[in-house]
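Peer 1: Protein chains in written order, with the numbering used here: chain A, 1 to 402; chain B, 403 to 670. Even glycine gets a Cβ: it sits at the ideal position worked out from N, Cα and C. Here's a structure for you.
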Amino acid sequence: MTAGHFGPYGGRFVPEALTAALDELDSAFRSAIIDPSFITRLTQLERSYSGRPSPLTRADRFAEHCGGARIYLKREDLNHTGSHKINNAIGQALLTQRMGKSRMIAETGAGQHGVATATAAALLGLECTVFMGEEDTHRQALNVVRMQLLGAQVISVTAGSRTLKDAINEAMRDWVASVERTHYVLGTVTGPAPFPEVVRYFQAVVGREARDQIQLAEGRLPDAVVACVGGGSNAIGLFSGFMDDAEVQLRGYEAGGDGVETGRHAARFAAGSPGVLHGARTYVMQDEWGQTIASHSISAGLDYPGVGPEHSWLHDTGRAKYEPINDDEAMAAMALLSRTEGIIPAIETAHALAGAMRVGRELGPTAVIIVNLSGRGDKDVATAARWFGIGAPAGIEMAEGR
Amino acid sequence: MSRRLSEVFAQAKSANRGALIGYLPAGYPTAAASVELLNTMIDAGVDAIEVGLPYSDPLMDGADIQFAVAAALAGGTTTDVVLDVVGRLDGERAALLVMSYWNPIERYGVERFAARLAAAGGNGVITPDLTPEEAGPWFAATKANAIDTIFLVAPSSTDERIKAVVANTSGFVYAASTMGVTGARSQVGGGAEPLVTRTRRVTGLPISVGLGVSTGAQAREVATYADGVIVGSAFVRCIRAAADLPAAIAAVRDLAGELAEGVRRPSD
Numbered sequence: 001m002t003a004g005h006f007g008p009y010g011g012r013f014v015p016e017a018l019t020a021a022l023d024e025l026d027s028a029f030r031s032a033i034i035d036p037s038f039i040t041r042l043t044q045l046e047r048s049y050s051g052r053p054s055p056l057t058r059a060d061r062f063a064e065h066c067g068g069a070r071i072y073l074k075r076e077d078l079n080h081t082g083s084h085k086i087n088n089a090i091g092q093a094l095l096t097q098r099m100g101k102s103r104m105i106a107e108t109g110a111g112q113h114g115v116a117t118a119t120a121a122a123l124l125g126l127e128c129t130v131f132m133g134e135e136d137t138h139r140q141a142l143n144v145v146r147m148q149l150l151g152a153q154v155i156s157v158t159a160g161s162r163t164l165k166d167a168i169n170e171a172m173r174d175w176v177a178s179v180e181r182t183h184y185v186l187g188t189v190t191g192p193a194p195f196p197e198v199v200r201y202f203q204a205v206v207g208r209e210a211r212d213q214i215q216l217a218e219g220r221l222p223d224a225v226v227a228c229v230g231g232g233s234n235a236i237g238l239f240s241g242f243m244d245d246a247e248v249q250l251r252g253y254e255a256g257g258d259g260v261e262t263g264r265h266a267a268r269f270a271a272g273s274p275g276v277l278h279g280a281r282t283y284v285m286q287d288e289w290g291q292t293i294a295s296h297s298i299s300a301g302l303d304y305p306g307v308g309p310e311h312s313w314l315h316d317t318g319r320a321k322y323e324p325i326n327d328d329e330a331m332a333a334m335a336l337l338s339r340t341e342g343i344i345p346a347i348e349t350a351h352a353l354a355g356a357m358r359v360g361r362e363l364g365p366t367a368v369i370i371v372n373l374s375g376r377g378d379k380d381v382a383t384a385a386r387w388f389g390i391g392a393p394a395g396i397e398m399a400e401g402r
Numbered sequence: 403m404s405r406r407l408s409e410v411f412a413q414a415k416s417a418n419r420g421a422l423i424g425y426l427p428a429g430y431p432t433a434a435a436s437v438e439l440l441n442t443m444i445d446a447g448v449d450a451i452e453v454g455l456p457y458s459d460p461l462m463d464g465a466d467i468q469f470a471v472a473a474a475l476a477g478g479t480t481t482d483v484v485l486d487v488v489g490r491l492d493g494e495r496a497a498l499l500v501m502s503y504w505n506p507i508e509r510y511g512v513e514r515f516a517a518r519l520a521a522a523g524g525n526g527v528i529t530p531d532l533t534p535e536e537a538g539p540w541f542a543a544t545k546a547n548a549i550d551t552i553f554l555v556a557p558s559s560t561d562e563r564i565k566a567v568v569a570n571t572s573g574f575v576y577a578a579s580t581m582g583v584t585g586a587r588s589q590v591g592g593g594a595e596p597l598v599t600r601t602r603r604v605t606g607l608p609i610s611v612g613l614g615v616s617t618g619a620q621a622r623e624v625a626t627y628a629d630g631v632i633v634g635s636a637f638v639r640c641i642r643a644a645a646d647l648p649a650a651i652a653a654v655r656d657l658a659g660e661l662a663e664g665v666r667r668p669s670d
């Protein structure tokens with residue numbers, strides 16, 4: 001396997017103008033992770049600012065719907081800003097400082113990565129611009145306001161399908177023109193090398209903690225670890241803690257949207273094929289001519305036609321298994337966790353919960369399963385209200401989430 | 403087979419002028435109209451044609467070309483249509499190239515694409531998001547079909563990097579004038595001339611400058627230090643602004659003529 005590749009996947013398919021910046025990031029990253037002062041700073045911020053370690057919560061009432069398997073939730077929703085995204089944003093913000101750059105840009109789908117980057121920028125005194133598809137600015141309006149409150153500029157992208165894919169295109173265009181003083185904080189394990197490796201490094205803390213916590217709780221490793229997969233950073237974070245434990249199944253759940261058979265989905269493994277998108281070779285939703293097919297999902301964070309190249313490799317080698325979860329299954333799981341455990345998950349995360357229900361029934365009551373509870377659902381309440389027909393009490397405007 | 407790039411650049415040099423390279427996406431505004439417009443460029447003195455292969459995620463392109471390729475895709479422009487457009491251009495008088503992001507070529511099949519392009523008369527491909535490191539199978543396919551592989555260098559490229567890129571380039575080296583996306587600019591980036599100088603130190607290949615050139619005056623300035631001048635967005639703009647196809651053809655003819663005049667070097 002050559003550097004920056006995962007089997008045949010990954011690599012660097014970018015305009016030459018970005019090669020120097022990717023090389024610079026690569027060398028800054030490699031020197032940082034062997035620099036004790038960098039690690040100390042990162043660990044301090046994880047503890048005192050993000051709130052790490054995040055707890056591992058046993059979810060017995062939810063587990064009754066999972067074939068009786070013992071279900072544990074890795075509580076990334078309890079991190080500052082409400083998701084796993086802060087792990088990567090703080091790490092890359094520290095790299096931005098290390099490279100002597102003063103501005104960060106980011107793409108965002110659900111807004112969680114945008115909020116996390118805006119937060120890290122505020123903390124470290126960096127300038128921040130976030131690109132967000134216009135459609136996503138409507139369905140995740142709460143997060144747009146959060147980013148602005150944090151001092152970031154939010155640019156609504158009206159090109160193409162007006163979702164995450166187009167936000168990435170626009171961020172890349174900005175980056176080419178501003179690279180001297182700007183770092184592009186890619187939010188997931190996609191993109192040109194070394195991004196997939198950088199983001200995995202900062203998310204690996206999730207898997208490391210979960211591995212220790214489950215051994216403390218159960219005295220053994222889990223039978224399966226489960227996560228939703230958009231670009232796939234929360235999944236890689238959790239999976240990386242168990243990659244070498246062959247007895248631990250790795251299960252990823254992508255967005256089935258209205259159903260894979262309808263064509264309105266974001267199921268790259270179920271319905272895509274290897275191609276090149278956004279700088280890396282990976283599974284892509286594409287037509288016979290190699291044009292990207294627009295994805296669809298009720299979850300803005302999973303609504304992306306590509307996936308991290310390492311997932312493509314884990315898929316092909318069979319180390320991890322990926323299946324689609326349709327919108328309706330995800331929304332049912334969102335409601336179920338809310339009512340059984342008092343935890344309202346993000347709609348992205350609800351795909352993993354629906355997946356855990358399947359895995360639990362498959363593996364039976366003796367199984368131990370960890371689900372990455374990657375984010376909280378506050379941002380999704382308007383979508384949920386419409387989906388479930390929950391009326392707002394008189395006088396409360398439910399404008400967002402259209 | 404259209405004219406070879408080596409011949410085009412040699413002839414331009416002996417005529418004491420820069421070579422002029424014009425870009426337009428196939429299928430914009432329609433396939434038939436793009437053939438007419440590109441042949442008009444050749445009539446008006448463009449030496450090499452870059453036929454753009456429309457792609458859904460053109461992350462190196464600015465607003466004008468994004469608009470044009472989206473329109474071309476909406477009109478049903480496929481890779482086969484692009485190759486058909488190439489086959490209908492006047493290759494006796496110009497070199498015919500395709501400019502494409504990598505995924506459509508990979509999806510079509512690199513060998514199949516190279517063979518069909520050669521059969522259509524094309525003999526060069528510009529790949530803005532393919533780096534030589536990822537291009538192994540592409541080199542084999544293009545070599546077998548006598549197709550030039552044109553890679554880009556940028557102001558941010560280190561000398562070492564330029565050396566590696568030009569070692570895998572044939573036809574000409576595409577020097578991006580600025581750190582940015584395609585689009586007409588009021589000034590050609592100040593980084594262009596030093597980049598050409600650095601590139602010349604390591605290659606005897608012709609060097610063409612693209613990104614931001616839109617007028618005869620800019621073409622004249624670039625031709626003082628580069629072997630070729632590449633113009634794309636400015637052509638798209640004048641087509642966007644035209645009321646109908648005859649007006650677009652007239653505007654393209656005028657601009658190509660102005661640029662062809664611009665690339666002539668003053669005789670001293």
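1. Just to confirm, is the Cβ distance from B:LEU455 to A:ARG173 under 8 Å?
2. Quick check: the Cα distance between A:VAL260 and A:TRP313, rounded to an integer number of angstroms?
3. Would you list, in chain order, the members of the segment 500-517 of chain B that have their beta-carbon closer than 9 Å to a beta-carbon of chain A?
4. Out of curiosity, what's the CA-to-CA distance linking A:LYS321 and B:ASP646?
5. Report yes or no: is there a C-beta of chain A within less than 8 Å of the C-beta of B:THR673?
6. Determine the closest residue to A:PHE131 out of A:LEU142, A:ARG139, A:HIS113, with distance taken between C-alpha atoms.
7. How big is the Cα-Cα spacing for B:ALA653 and B:ILE641?
8. For a contact defined as C-beta to C-beta under 8 Å, what are the partners of A:LYS101 on chain B?
9. Starting from A:GLU76, find everything on chain B with Cβ-Cβ shorter than 7 Å and list it in chain order.
10. What residue range does the alpha helix (DSSP H) around B:TYR430 cover?
11. Any idea if B:ILE549 is buried or exposed, counting beta-carbon neighbours within 10 angstroms, 16 or more meaning buried?
12. Could you check whether the Cβ of A:VAL185 sits closer than 8 Å to any Cβ belonging to chain B?
13. Tell me whether the segment 619-639 of chain B and the segment 586-604 of chain B touch, counting them as touching only if at least three CB pairs, one residue from each stretch, are closer than 8 Å.
14. Determine the DSSP secondary structure at B:ASP646, reduced to helix, strand or coil.
15. Leaving out five residues on either side along the sequence, give the residues of the same chain with a beta carbon under 7 Å from the beta carbon of A:ASP303.
16. Are any of the Cβ atoms in chain A nearer than 8 Å to that of B:THR480?
17. Go through its chain and collect everything with a Cβ distance to B:ASP492's Cβ below 7 Å, but skip five positions before and after it.
18. For A:TYR184 and A:SER50, I'd like the C-alpha separation in whole angstroms.
19. Counting pairs of Cβ atoms below 8 Å between the segment 55-64 of chain A and the segment 81-96 of chain A, do you hit three or more?
20. Answer yes if the segment 383-390 of chain A comes into contact with the segment 362-371 of chain A, meaning at least three C-beta pairs across the two stretches below 8 Å, and no otherwise.
21. In or out: A:LEU149 buried (at least 16 other Cβ within 10 Å) or exposed?
22. Can you name the residues that DSSP bridges to A:CYS128?
23. How about A:GLY279 and A:ARG12: do their beta carbons lie closer than 8 Å?
24. Does the CB of B:LEU461 have a neighbour CB from chain A at under 8 Å?
25. On the three-state DSSP scale, how would you describe A:ARG139?
26. Three or more C-beta pairs closer than 8 Å, one from the segment 499-507 of chain B and one from the segment 529-538 of chain B: is that the case here?
27. Determine the direct distance from the alpha carbon of A:VAL179 to that of A:ASP23, and round the result to whole angstroms.
28. So B:VAL453 contacts chain A; which residues on that side make the cut at Cβ distance below 9 Å?
29. So, with DSSP's three-state summary, where would you put B:PHE541?
30. Do B:GLY664 and B:ARG600 have their beta-carbon atoms positioned less than 8 Å apart in this structure?
31. Considering Cα atoms alone, identify which of A:GLY232, A:GLY219, A:ARG208 is closest to A:ASP244.
32. Take A:PRO194 and list the residues in its own chain whose beta-carbon comes closer than 8 Å to its own, dropping the five residues that flank it on each side.
33. Check each residue of the segment 139-163 of chain A: if its Cβ is closer than 8 Å to any Cβ of chain B, include it; give the result in chain order.
34. For a quick check, are the C-beta atoms of B:PRO597 and B:VAL555 less than 8 Å apart?
35. B:VAL555 touches chain A at which residues, Cβ-Cβ below 8 Å?
36. So which residues on chain B does A:VAL179 lean against when the C-beta distance must stay under 9 Å?
Peer 2: If we stick to the structure as given:
1. no
2. Between A:VAL260 and A:TRP313, the C-alpha separation is close to 22 Å.
3. TYR503, TRP504, ASN505, PRO506, ILE507, GLU508, ARG509, TYR510
4. Approximately 54 Å, taken between the alpha carbons.
5. For chain B, the structure presents residues 403 to 670; residue 673 of chain B sits outside this window and is missing.
6. Nearest option by C-alpha distance: A:HIS113.
7. The alpha-carbon atoms of B:ALA653 and B:ILE641 are separated by roughly 7 Å.
8. Residues of chain B passing the Cβ test: none, with the nearest at roughly 14 Å.
9. Ordered by position in chain B, no residue passes the 7 Å Cβ test against A:GLU76, which lies about 30 Å from the chain.
10. Careful: B:TYR430 lies outside any alpha helix (DSSP H) and carries neither H nor E.
11. Buried: at least 16 other Cβ atoms inside 10 Å.
12. no
13. yes
14. coil
15. The answer, listed in chain order, is GLY109, THR163, LEU164, ALA255, ALA266, SER295, HIS296, SER297.
16. yes
17. ASN441, ILE444
18. Using only the alpha carbons, I get a separation of about 21 Å.
19. no
20. Verdict: no, contact absent.
21. exposed
22. A:MET104
23. For the 8 Å CB-CB criterion, A:GLY279 and A:ARG12 form a contact.
24. yes
25. helix
26. yes
27. 12 Å
28. Below the 9 Å Cβ cutoff, chain A contributes no neighbours of B:VAL453, its closest Cβ being approximately 15 Å away.
29. Of the three classes helix, strand and coil, the one that applies to B:PHE541 here is helix, per DSSP.
30. no
31. A:ARG208
32. Here the set comprises GLY4, LEU22, LEU25, ASP26, PHE29.
33. ALA159, GLY160
34. The residue you asked about is not Pro; residue 597 of chain B is Leu in the sequence shown. For B:LEU597 and B:VAL555, yes; Cβs fall inside 8 Å.
35. GLU16
36. SER558, MET581
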